[in-house]
Each structure stands twice: as C-alpha cells, then as structure tokens.
Amino acid sequence: MQLYLPIAELSVNALIFLGMGGAVGFLSGMFGVGGGFLMTPLLIFSGIPPAVAVATEANQIIASSVSGSLVHWRRGAVDIKMGLILLSGGVIGSFAGVSIFTQLKQIGQVDLLISLAYVIFLSIIGSLMLIESIRAILRTRTGTNPERRHSGQHSWILGLPFRVRFRKSRIYISIIPPFVIGACVGVLAAIMGVGGGFIMVPAMIYLLRMPTNVVIGTSLFQIIFVTSLVTILHSVENQTVDIVLALILMAGGVIGAQFGARVGHKLRGEQLRALLAVLVLVVCGRILIDLVIEPEELFQITSVIGRGH
Amino acid sequence: MPRTTGFSMRALIHMLAVPWFIATADVVYAQEELVTDLSHHQVSIQSNFTGAELLLFGAINVNTNAKHDIVIVVRGPDSPAIVRQKEKVAGIWINYGARELTNVPGYYSVISTRVTSEIASQTVLEHYGIGLENLQLRSSDDDDAGPLHDFIEATKRIRLENSLYSEDENGIQFLGTSLFRASIEMPANVPDGRYTARVYLFSNGKIMQTQTSTLFVNKVGFERLVFDFANKQPLTYGVIAVLIAIFAGWFASAIFRGR
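Protein chains in written order, with the working numbering: chain V, 49 to 357; chain S, 217 to 475.
Next comes the structure, spelled out in structure tokens:
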C-alpha cells in the first residue's frame, strides 16, 4: 500500500512502516523501554531524511509515553515534584538541543550530529547492559546471591545546596542533580528523537537513589512533556514533523507493545536484557559502518526551497 | 537503425513509410507547422501518488521532403540548491566542501527522435539548453572551474539516478506521417511548481518551429493541507501533532485496559 508522506516528501509502503512500528513496539513492550533509540535509526535506514525521522519519532514517543504513564499514574507511582524538576531542566535542554540541531542543519552537518550521538550513546549503553546482564546470568548459574547495593548517597551529591524533600520518593536531596539530568535528556530528545528513559532511569536509581517503583512513572511523566516540547520546537524551527508517518508508527507501536508486554512477562529478566543489549550494539554497529566506509555517492544535494535528495 | 529499439511494430512500419524521413535535404522550405498539447496540464500529488505519466502529442505539417526531428524538453521549477561533498576526516566520512548552485531545475527531461548531437550542432544545442550536458548550472560562489565542475556533474548524476532528470533519444513515436506522441514520466519525488514542456521542430540542424506548453505539479487534498499547515502555521501544526499523539496514547490505553 503506497502512501505519500507530505513532509518527508516520499512515497513509501505504509505496511512496512506499520510493521516497523509494530516490531519496535513489541520490543519496547517486552523490554519496557521507549523504543525511540531503535525507531529513529530504523527510519533513517529506510530512507526517511534524518531530520524528519528525529522530529517525527519525538511525536510518536508522546503517544507511547502517555499510554505507559497512565498505568503508573493509576498506581500512584509518579513523583510529580521530582517530575517537574526534571522537566524544568528538560525544557532548557530541549531549547538548547533544537537550537544546536537547527544550526547544524543549516551548515549540512545535522546527519553527522545524529549519527555520532547514536554511536556514542548506543555503544556505551549497549556495552554496559551487556556486561551487567552477562554478570547476572553467570551469578544465577553459579548460585551466588546478588550483592546488595549500598543505600547511601554519593557524598558530592549530598553536599550540593538547594536541598528539597521529595515525599513520594522519600529522599531529601539538592534539586541541582535532577535539573541537570533533565537538561541532558532534553538535549538528547531534541537531537536523537528519543525519550531518554535509557539515561534517566539508571540516573534516577543510581545517582538520585530514588525507589525503583516510582522511577519509570516519573521518567515517563517527564518524557511526555519534553517530547511534546521537542515536537513543537522542531515543527516551528525545521518543519520536519510528519504527522502521517507519526500516525502510522503510533498505530503499529501501540499494537506491538501490547503483545510485547505479554511475551516479556514469560521471559527471564537477565536474558531479555542481554538480548536487548545485543540489539542496541547491532544498531550502533550499523550506524558506525555507514560513517566509516566510503559512500558510493560522495555528493549530496539539498534544495534550498523545500527539501531535496 | 539503432534508433528503432523500443518502438512498436506499427510505429516502425509508419516510419519506414514516411517519405520525408529518408529523403535528402536539398529542398526549398515551405511553411512548417507544429501543434502540440499535453494529455493533462495538472499533476496532482495525493496520498496514493507514486509518480505520473503524461502524454505529449502533436502534429507537424510539412510540405517538404526534408528530414525533420522533434525534441521535447520538459523542465521543472528552478531552485537554488546546496551540493555537498563528503571527505574522510579523522576516519569518518563527513560533508566537507559545499557549493551553492543558483538555478537547479527540479525536473529535466529530454525526449527526441534520435541522439541530439545528430539533430543539431553543439552550438545550437548549447544555446537552447537542450540535453543534460548543455544544461547550464551556475554557482554564486567565486570558484575555480575545476572543483565546481565536479559539483555540477554530481548534481546531474544524482538527479539522473533519482529519475528526476532523464534523456530518451528515441522516446517519440510517430503515428502516420504527421502525428506524434511521447510519454513524459515523473517519479514520485517530483517537486511542486510550474513546469514547461517545450517542443522543437528541427530540420537540417535548424529550429523551424517551437511550441511551449505549461503544466503544474501540485500537492492537493490532504497532502496539500498537511504540507501548507506545517509550513505556514508551524506552531499550530506542532501543537496539533502533540494533541493527536496524546489522544492516541490515551485511546490505546483505554482500549487495552479493559482486557
């Protein structure tokens, strides 16, 4: 079923993109991750201009974060106060990110920016996840108990000023670390077309020492608003949000996530994480190869009015 | 006769039967007439758009035995374009050099009865901009010709690859002695705008007649609406995109919650 995408200005097979949305939705439902860091590269690999892929994916993430966070909201697992601090950082980060994006787009380096951001973050996250999950698998095999984490905070974080009590998370910390984390995630959302949960969740657990039960709900809460802002900023600055493509991805993603969540319950956590880590590294490797090997066509045309090829 | 490849058998028979076609050129010129039109003057880009095929048809009225040729040049809207060249820097391929070309047609197609270099001299072809090698692309940047030439060649090569540019040296079919037709093919990625289809009637390397038709390629309906909305009211567009996504997320959650 051929469909013309009005913003990407391409005629594509809608069923392929519906399937892609479904496959990534399935994986994100299974692993409990947002899926933006898989979807944006996939869109780029399939010929969508990178700037359109990033902005459109930000738009899709809103939908998956809304349906995800509603579940946590009903359980009362959202720390709104923490969410708002993260969000205030996120707002600053989004503006900065879109501004960097727009400037690099004008000098023709935005594709490079996106690729490099992906290679750096996917290689770090993928390797850490793989090492961690292999260790966990080995531990269960040898039968040793997982070591208990120290519950104390890092001393330098304790020493920071502007401390505030977060009742829901039962912590009393400075607002500077969550603000900075939020800002970093905002920049990544704008540049990479991701929600940033893969950075925010570990940061909240290990740096802020938040209890795990409120971490995902709070991060989704922040992601809804940050990706909304990123979508609007990209629309205004770059006109790269393709609502038709976003709707196809949303439809596929929602259905895929439901099935993925069911399969995810039946599989073991460590093996699932190892699988995801491998997937992340494969995507990272593919982007790296595209950067390193000599392209067949060294030239590229950009129409100044409208987008070119 | 290499130029008969791709012709229908009927057209071939017609052509062999045409006396002017094989006649020599030592004749007095009478008044030639050329009448042409397009099958449609409007190409609409809708959601199911996968490209378009237009028919250009026409008739020549020649009273001479001279050999005649038809050349059709279809040209899309000119726009400035930035062409970038990748170079290897610190192990990765990045956009390095760039030139801005000021007048790059979004679409350029030449259809002729035979190879254009056999139809007219290089001077004539160059003057009228007939053929991809005679398509003059200019740059606003001060530059030595050598590197600029690479950028111009690359532009033509890439557009040729994307089917936005094309040359078909036997794309014109004659039906009888005076009627002819040619099909103009446009890929799915044709740009919006005003196109001109110029038909040249050549004889003995000289242009005897010219006819120009105009056609428009436009996004219409939903595609037009979305594209205009995104470009003219980007803030409202962004807000609506967000609201749609929020609704979609809530809707999905409402459906699957009940199960």
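A virtual CB, placed ideally from N, CA and C, is assigned to each residue, including glycine.
Predicted, not measured: the structure shown is a model, and the values here were computed from it.
Worksheet item: Which same chain residues, not among the five before or five after residue 303 of chain V, have their C-beta less than 7 Å away from its C-beta?
Response: Position 255 of the first sequence, counted from the first residue, corresponds to residue 303 of chain V. Excluding residues within five positions, the ones whose Cβ falls inside 7 Å are 70 and 73.
Worksheet entry | Nearest candidate by alpha-carbon position, reference residue 308 of chain S, set V:339, V:344 and V:347 | Numbered from its first residue, the second sequence carries residue 308 of chain S at position 92. Checking every option, the nearest Cα to that of residue 308 of chain S belongs to V:339.
Worksheet item: Cα separation between residue 12 of chain V and residue 109 of chain V?
Response: As shown, chain V starts at 49 and ends at 357. That puts residue 12 of chain V outside it, with no answer to give.
Worksheet item: Would residue 354 of chain V count as contacting chain S if we go by Cβ distances under 8 Å?
Response: Residue mapping note: residue 354 of chain V aligns to position 306 of the first sequence, counting from 1. Bear in mind that the predicted position of residue 354 of chain V carries a pLDDT of just 46, short of 50, making it too unreliable to give a figure here.
Item to complete: Grab me the residues of residue 288 of chain V's own chain with a C-beta within less than 6 Å of its C-beta, minus the 5 sequence neighbours each way, in chain order.
Response: Position 240 of the first sequence, counted from the start, is the residue given in the question as residue 288 of chain V. Around residue 288 of chain V: 99, 100, 103 and 282.
Worksheet item: How big is the Cα-Cα spacing for residue 273 of chain S and residue 62 of chain V?
Response: For the purposes of this step, residue 273 of chain S is identified with residue 57 of the second sequence, where counting begins at 1. For the purposes of this step, residue 62 of chain V is identified with residue 14 of the first sequence, where counting begins at 1. So the alpha carbons of these two residues sit roughly 35 Å apart.
Worksheet item: What residues in the segment 140-160 of chain V bring their beta carbon closer than 9 Å to a beta carbon of chain S?
Response: Residues passing the 9 Å Cβ filter: 155, 156, 157, 159 and 160.
Discussion item. Looking at the strands, I want to know which residues DSSP matches up with residue 315 of chain S.
Written reply: Here residue 315 of chain S refers to the residue found at position 99 of the second sequence. Answer by DSSP bridge pairing, in chain order: S:299.
Discussion item. Is it buried or exposed, residue 388 of chain S, if we count other Cβ atoms within 10 angstroms and call 16 or more buried?
Written reply: Locating residue 388 of chain S in the second sequence gives position 172, where the first residue counts as 1. With 16 or more Cβ atoms within 10 Å of its Cβ, residue 388 of chain S is classed as buried.
Item to complete: Quick one: using the 10 Å Cβ neighbour count with 16 as the cut-off for buried, is residue 337 of chain S buried or exposed?
Response: As a first step, residue 337 of chain S is located in the second sequence; it is residue number 121 there, counting from the start. Label assigned to residue 337 of chain S: exposed.
Discussion item. Only counting the same chain, and skipping five residues up and downstream in sequence, which positions put a Cβ closer than 6 Å to that of residue 375 of chain S?
Written reply: If you number the second sequence from 1, residue 375 of chain S lands on position 159. Hits under 6 Å: 381.
Discussion item. So if DSSP puts residue 409 of chain S in a beta bridge, which residue, or which two residues, is it bridged to?
Written reply: Counting from 1 along the second sequence, the entry for residue 409 of chain S is found at position 193. In DSSP, residue 409 of chain S forms a bridge with S:433.
Worksheet item: Does residue 258 of chain S come within less than 8 Å of chain V when only Cβ atoms are used?
Response: Residue mapping note: residue 258 of chain S aligns to position 42 of the second sequence, counting from 1. Residue 258 of chain S does not count as touching chain V.
Practice prompt. Express the C-alpha separation of residue 231 of chain V and residue 136 of chain V in angstroms, rounding to a whole number.
Written response: Working through the first sequence from its first residue, we reach residue 136 of chain V at position 88. Working through the first sequence from its first residue, we reach residue 231 of chain V at position 183. So the two alpha carbons sit approximately 8 Å from each other.
Discussion item. Nearest by alpha-carbon distance to residue 271 of chain S: which of S:257, S:330 and S:352 is it?
Written reply: Residue mapping note: residue 271 of chain S aligns to position 55 of the second sequence, counting from 1. Checking every option, the nearest Cα to that of residue 271 of chain S belongs to S:257.
Discussion item. Measuring CB atoms only, is the segment 317-324 of chain S touching the segment 293-306 of chain S, in the sense that at least three cross pairs come out at less than 8 Å?
Written reply: yes
Fill in: Burial state of residue 49 of chain V (16 or more Cβ within 10 Å)
For this step, residue 49 of chain V is matched to residue 1 along the first sequence. Exposed.
Worksheet entry | CA-to-CA distance, residue 212 of chain V to residue 220 of chain V, given in whole angstroms | Position 172 of the first sequence holds residue 220 of chain V. Position 164 of the first sequence holds residue 212 of chain V. Roughly 6 Å separates the two Cα atoms.
Item to complete: Give the DSSP-derived three-state secondary structure of residue 323 of chain S in the structure shown.
Response: Locating residue 323 of chain S in the second sequence gives position 107, where the first residue counts as 1. In this structure, DSSP gives residue 323 of chain S a state outside helix and strand, which the three-state scheme calls coil.
Worksheet item: Based on the DSSP output, what are the partners of residue 142 of chain V in its beta bridges?
Response: Position 94 of the first sequence, counting from 1, holds the residue named residue 142 of chain V. BP columns for residue 142 of chain V are empty, so no partner.
Worksheet item: What residues in the segment 341-353 of chain V have a beta carbon less than 7 Å from any beta carbon of chain S?
Response: Residues passing the 7 Å Cβ filter: 342, 343, 345, 346, 347, 348, 349, 350, 351, 352 and 353.
Discussion item. Quick check on DSSP: helix, strand or coil for residue 83 of chain V?
Written reply: To locate residue 83 of chain V, count along the first sequence from 1; it is residue 35. Residue 83 of chain V: coil per DSSP, three-state reduction.
Item to complete: State the DSSP-derived secondary structure class of residue 447 of chain S, mapped to helix, strand or coil.
Response: Translated into the one-based positions of the second sequence, residue 447 of chain S becomes position 231. Three-state result, residue 447 of chain S: helix.
Worksheet entry | Which of helix, strand or coil DSSP assigns to residue 245 of chain S | Along the second sequence, read from residue 1 onward, the residue named residue 245 of chain S stands at position 29. Model confidence at residue 245 of chain S stands at a pLDDT of 48, short of 50, so the residue's coordinates are unreliable and nothing is read from them.
Worksheet item: With a CB to CB cut of under 8 Å and the five nearest residues on each side skipped, what residues in its chain are close to residue 418 of chain S?
Response: Counted from its first residue, the second sequence places residue 418 of chain S at position 202. Here the set comprises 284, 285, 286, 287, 335, 336 and 424.
Fill in: Neighbour-count burial assignment, residue 369 of chain S, 16 or more Cβ in a 10 Å radius
The residue labelled residue 369 of chain S in the question sits at position 153 within the second sequence. Exposed is the call here.
Worksheet item: I think residue 439 of chain S touches residue 54 of chain V, with their Cβ atoms under 8 Å apart; what is that distance to the nearest whole Å?
Response: For the purposes of this step, residue 439 of chain S is taken as the residue at position 223 of the second sequence. For the purposes of this step, residue 54 of chain V is taken as the residue at position 6 of the first sequence. Confirmed, about 5 Å.
Fill in: For residue 417 of chain S: DSSP bridge partner residues
Taking the second sequence and counting its residues from 1, one reaches residue 417 of chain S at position 201. In DSSP, residue 417 of chain S forms a bridge with S:286 and S:425.
Worksheet item: Who are the near neighbours of residue 270 of chain V in its chain, counting only those whose CB is closer than 8 Å to its CB and skipping five residues on each side?
Response: Taking the first sequence and counting its residues from 1, the one referred to as residue 270 of chain V is at position 222. Cβ within range, chain order: 131, 134, 135, 138, 230, 233 and 248.
Worksheet item: Which residues, in chain order, does the segment 305-322 of chain S contribute to contact with chain V at a C-beta distance below 8 Å?
Response: 307, 308, 309, 310, 311, 314, 316, 320 and 322
Item to complete: Quick one: using the 10 Å Cβ neighbour count with 16 as the cut-off for buried, is residue 306 of chain S buried or exposed?
Response: If you number the second sequence from 1, residue 306 of chain S lands on position 90. That one is exposed.
Practice prompt. Flag residue 50 of chain V as yes if its beta-carbon sits less than 8 Å from any beta-carbon of chain S, otherwise no.
Written response: Indexing the first sequence from 1 puts residue 50 of chain V at position 2. It does; some Cβ of chain S falls within 8 Å.
Worksheet item: Between residue 277 of chain V and residue 142 of chain V, what straight-line distance do the alpha-carbon atoms span, to the nearest angstrom?
Response: Along the first sequence, one-based indexing puts residue 277 of chain V at 229. Along the first sequence, one-based indexing puts residue 142 of chain V at 94. When rounded, the distance between both Cα atoms is 7 Å.
Fill in: Length of the line joining the Cα atoms of residue 326 of chain V and residue 174 of chain V
As a first step, residue 326 of chain V is located in the first sequence; it is residue number 278 there, counting from the start. As a first step, residue 174 of chain V is located in the first sequence; it is residue number 126 there, counting from the start. Spanning the two alpha carbons is a distance of roughly 7 Å.
Practice prompt. At 7 Å on the CB atoms, spell out the chain V contacts of residue 450 of chain S, in chain order.
Written response: Looking up residue 450 of chain S in the second sequence gives position 234. Those within 7 Å of residue 450 of chain S in chain V are 283, 284 and 287.
Item to complete: Hey, could you find the ends of the beta strand (DSSP E) residue 212 of chain V is sitting in?
Response: Position 164 of the first sequence, counting from 1, holds the residue named residue 212 of chain V. In the DSSP assignment, residue 212 of chain V falls within the beta strand (DSSP E) that extends over 211-214.
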